[in-house]
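Engineer:
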């Protein structure tokens with residue numbers, strides 16, 4: 001199966017950039033792969049300032065894709081992360097326990113933190129998948145679907161607090177989650193930014209013929225391109241990190257009214273950014289025309305909005321309870 005055929009079910013076939021790269025037959029597929037996986041572009045001097053003011057070529061090599069079996073394992077792992085996060089989100093909605101008060105229930109005696117992608121057991125596997133994601137291009141290509149896995153991790157970290165008996169153990173768990181979210185964002189950028197740059201190079205450049213990957217452009221080539229605005233390490237990741245750090249501070253030093261409101265505000269900002277990223281990615285993939293990509297990102301977006309709905313519902317219930325208590329105390333004071 002050619003590289004073009006693998007991408008076609010995700011982002012639609014017949015893109016003009018792909019056709020241009022495929023004109024060379026079997027060698028064109030290798031050129032397309034090299035451009036989409038290029039991690040270092042070199043700018044050469046040119047004397048043609050009219051039709052080729054910027055001349056680039058790829059100065060990095062690509063070791064090749066992992067086998068389809070690896071892609072299948074990553075796809076199965078991503079599906080499990082989605083289902084486990086969805087299951088515990090629904091359980092929290094049914095129980096109405098807020099997802100982080102008393103020790104959370106698990107499955108058959110296994111604590112919840114060991115079953116979630118943000119937990120201490122599965123988080124290293126998420127990091128491993130993203131760290132090796134540039135070579136995972138069959139079944140579950142992380143260059144296209146990696147942001148969905150990061151969104152699952154971010155939603156899980158926001159929705160479910162780490163549970164531990166002592167403050168020191170809790171601090172270690174929360175710090176590992178913060179470090180995991182940060183490293184996952186960096187690993188994802190290492191996967192998607194070369195891909196976005198390659199898309200920009202293929203779609204808005206022409207081959208000069210000087211070498212297989214030599215391209216002529218009318219504008220400078222920007223890292224990550226200009227068509228896709230999503231980044232792994234962004235305000236979303238920073239907002240989640242601040243929210244997790246505020247949880248840790250509240251747990252260790254006590255939860256006063258000001259610190260509790262600060263933590264809640266940071267968590268709310270994190271949810272807003274995660275929901276915004278989910279909507280943006282669904283719109284971007286839909287514009288590209290890929291059915292599988294739209295389905296994957298739509299499922300993740302639905303999970304995010306289900307979590308947001310649960311948070312809003314519990315907040316409104318808390319406000320209603322507080323109002324009832326205030327009215328009851330006011331009536332007693334009048335009597």
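Numbering (our numbering), first residue to last: 1 to 335.
Heads up, the beta-carbon is just placed ideally off N, CA and C, and yes, glycines get one too.
Excluding the five sequence neighbours on either side, which residues of its own chain have a C-beta within less than 7 Å of the C-beta of residue 211, listed in chain order?
Structural biologist: Correct list, in chain order: 57.
Engineer: Quick one: Cα of residue 41 to Cα of residue 155, how far?
Structural biologist: The straight-line gap from Cα to Cα measures roughly 34 Å.
Engineer: Taking residue 216 as the reference, which of 278, 47, 38, 263 has the closest Cα?
Structural biologist: Ranking 278, 47, 38, 263 by Cα distance to residue 216 puts 47 first.
Engineer: Am I right that residue 293 and residue 145 are in contact with their C-beta atoms under 8 Å? What's the rounded C-beta distance?
Structural biologist: Contact holds; Cβ gap of about 7 Å.
Engineer: Looking at the structure shown, is residue 143 part of a helix, part of a strand, or coil, going by DSSP?
Structural biologist: Residue 143 falls in the helix class under three-state DSSP.
Engineer: Strictly by DSSP, which residues pair up with residue 44?
Structural biologist: Residue 44 pairs with 55.
Engineer: Excluding five sequence neighbours on each side, which residues of the same chain lie with their C-beta closer than 7 Å to the C-beta of residue 205?
Structural biologist: These residues qualify, in order along the chain: 215, 216, 217.
Engineer: Going by other Cβ atoms of all chains shown within 10 Å of its Cβ, with 16 needed for buried, is residue 256 buried or exposed?
Structural biologist: With fewer than 16 Cβ atoms within 10 Å of its Cβ, residue 256 is classed as exposed.
Engineer: In whole angstroms, give me the CA-to-CA distance for residue 168 and residue 229.
Structural biologist: When rounded, the distance between both Cα atoms is 39 Å.
Engineer: According to the Cβ coordinates, are residue 316 and residue 232 closer than 8 Å?
Structural biologist: No. Outside cutoff.
Engineer: On the three-pair Cβ rule with 8 Å, is the segment 119-138 touching the segment 179-193?
Structural biologist: Touching, per the Cβ criterion.
Engineer: Residues in its own chain within less than 6 Å of residue 59 by CB, not counting five upstream and five downstream?
Structural biologist: Result list for residue 59: 40, 42, in chain order.
Engineer: Relative to the C-alpha of residue 62, which candidate in 201, 135, 92 has its C-alpha closest?
Structural biologist: The shortest Cα separation from residue 62 among 201, 135, 92 belongs to 135.
Engineer: Between residue 213 and residue 147, what straight-line distance do the alpha-carbon atoms span, to the nearest angstrom?
Structural biologist: Cα to Cα, residue 213 sits roughly 27 Å from residue 147.
Engineer: By DSSP's criteria, residue 217 is part of a beta bridge. Which residues make up the other side?
Structural biologist: Answer by DSSP bridge pairing, in chain order: 54.
Engineer: Just the C-alpha distance for residue 197 and residue 38, rounded to the nearest angstrom, thanks.
Structural biologist: C-alpha separation (whole angstroms): 8 Å.
Engineer: Pull up the CB-CB distance for residue 319 and residue 278, whole angstroms please, since I reckon it's below 8 Å.
Structural biologist: The pair is not a contact, with the Cβ atoms about 26 Å apart (cut-off 8 Å).
Engineer: What do you reckon, are the CB atoms on residue 310 and residue 158 nearer than 8 Å?
Structural biologist: Their beta carbons are not under 8 Å apart, which means residue 310 does not touch residue 158 by this criterion.
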